Structures are given as structure tokens and as C-alpha cells.
Amino acid sequence: MVVTFAPVNVTTEVKSVEMHHEALSEALPGDNVGFNVKNVSVKDVHRGNVAGDSKNDPPMEATGFTAQVIILNRPGQVSAGYAPVLDCHTAHIACKFAELKGKIDHRSGKKLEDGPKFLKSGDAAIVDMVPGKPMCVESFSDYPPLGHFAVRDMRQTVAVGVIKAVDKRQLELARSPSLPRKLRSLNEYYPQYLPPQS
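Take 0 as the starting number for the sequence shown in numbering that gives the first Met the number 0 and just add one per residue.
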């Protein structure tokens, strides 16, 4: 099987899957396993990275996400620009509350107020969040373990939330240093496909 690690975007082949140093033919959800991969250094993969099937919905870096949060125990107010530490799966990354989209009733989900200026303890809201460093998350409806989080500040949990939607970074072909050279050589061999010069 070929796997991709996000957000570092490393793709490699799995050589073996092991549990307690014994080889397994497959791992099932809930199994605590290790796996050996080809040509990947320990320095290439870090805590908080997510591995997934490269061919079937591979994990990708999130540039931002929309979440439903409940403020639990925050002295003062939470407003746009607040950047606490977010704990999601094994990642611990500072995330900024970019926009407070609306206050909601935490039981029914009914919208109470559009674009509030601040949130206080006990409030539930829909917010847009932006991670401070590369991070991989998913919507709770697609992958529950990767779609819920706790918000920490001043050594305590100040909010909890579930991710509703994720903005994923599209892979950029321009990262390949050889791409311009390849395009130039393709253009030389296939000039009929070039746009007309004005």
C-alpha cells in the first residue's frame, strides 16, 4: 500500500505492519500498530502528522477550517484574532479565531446572532479558524477522530469544538524545480499546442 503523510506531503510505500513486533497482514480501526515505510527518515515525519491511502482521499494540509465551538471556561471574552493552542488528534498547534460567523444555541443549533463581536463562557458559535503551522484535520462527519478538538489557554481547557468544513491546500506543481524545464521542452516538441503569440 502507498501512503501519504500530511501536512508534510511525504508519499511512500508501506513495507510491513506490526503489533508488538509481530507482523500483521492488515490493521483494523482501533488497533495500535506500527508500520515500516520505505525511504522515509524519522526526521521527515512528526507527531501530529496523519497517514492515509494515497489513492483514496489522501490526507492534506488544512489552510483553515470552519468549526462549531462551545466556550467553557474563559475569563474575559473571545474575539477574532484570539490564538490559543488547539489539541486535535496528536497535534498541538496554535490556531487563530479568524472570524466569528455566528452565535448559535448549543442544543438546537439554531442561529441566535450573526457576526458577534465576542464570545464569553457558555456561548456556542460557528467560527473560522486558521492554524499557525501546517496541520492536518478533517470534518467530523467524514473522519470523527480527526474532526474534534479542545482549545487550551493558561493551562486549562477553554473551549471544545467539532470541525464542520475544511479548506485544504491544493498541491502545487510549481514546487518541482524541474517543472519549468519540462514545460519548456514540451513546448519545443509540441509548438502546435502553444497559445498564439500576439
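Every residue gets a Cβ at the ideal spot worked out from N, C-alpha and C, and that includes glycine.
On a predicted model such as this, the values are computed, not experimentally measured, just so you know.
Less than 7 Å separates the beta-carbon of Val2 from that of Ala50. Rounded to the nearest angstrom, the Cβ distance from Pro115 to Ala123 is 11 Å, too far for a contact under 8 Å.
Bounds of the beta strand (DSSP E) holding Gly33 are Gly33 to Val36. Around the beta-carbon of Ala66, 16 or more other beta-carbon atoms lie within 10 Å, marking it buried.
The beta carbon of Pro143 lies closer than 8 Å to none in the same chain, with the five residues before and after it left out. For the 7 Å CB-CB criterion, Cys94 and Val136 do not form a contact.
Excluding five sequence positions before and after Ala164, the CB atoms of its chain that fall closer than 8 Å to its own CB belong to Phe64, Thr65 and Ser138, given in chain order.
If you draw a 10 Å sphere on the C-beta of Val126, you find 16 or more other C-beta atoms in it, and that means buried.
In the three-state reduction of the DSSP assignment, Asp104 falls in the coil class, being assigned neither a helical nor a strand state. Looking from the CA of Ile70, the closest CA among Lys167, Ala82 and Val159 belongs to Val159.
The shortest CA-to-CA distance from Val44 to any of Ala5, Lys167, Phe96 and Ala22 is the one to Ala5. Within the model, the alpha-carbon separation for Tyr81 versus Glu112 is close to 20 Å. Under the DSSP definition of a beta bridge, Asp52 partners with Val2.
CA-CA distance, Gln169 to Pro58, rounds to 11 Å. In the three-state DSSP reduction, Pro130 falls in the strand class (E or B).
Cβ-Cβ distances below 8 Å link Ala22 to Ser15 and Val16 in the same chain, with the five nearest sequence neighbours on each side left out; the list follows chain order.
DSSP assignment within the stretch 64 to 107 yields the following whole beta strand (DSSP E) runs of 3 residues or more, N-terminal first: 84 to 87 and 90 to 103. Where Glu17 is concerned, the enclosing beta strand (DSSP E) starts and stops at Val9 to Met18. Leu118 sits in a strand when the DSSP states are folded into three classes. Counting other Cβ atoms within 10 Å of its Cβ, Val36 reaches 16 or more and is therefore classed as buried.
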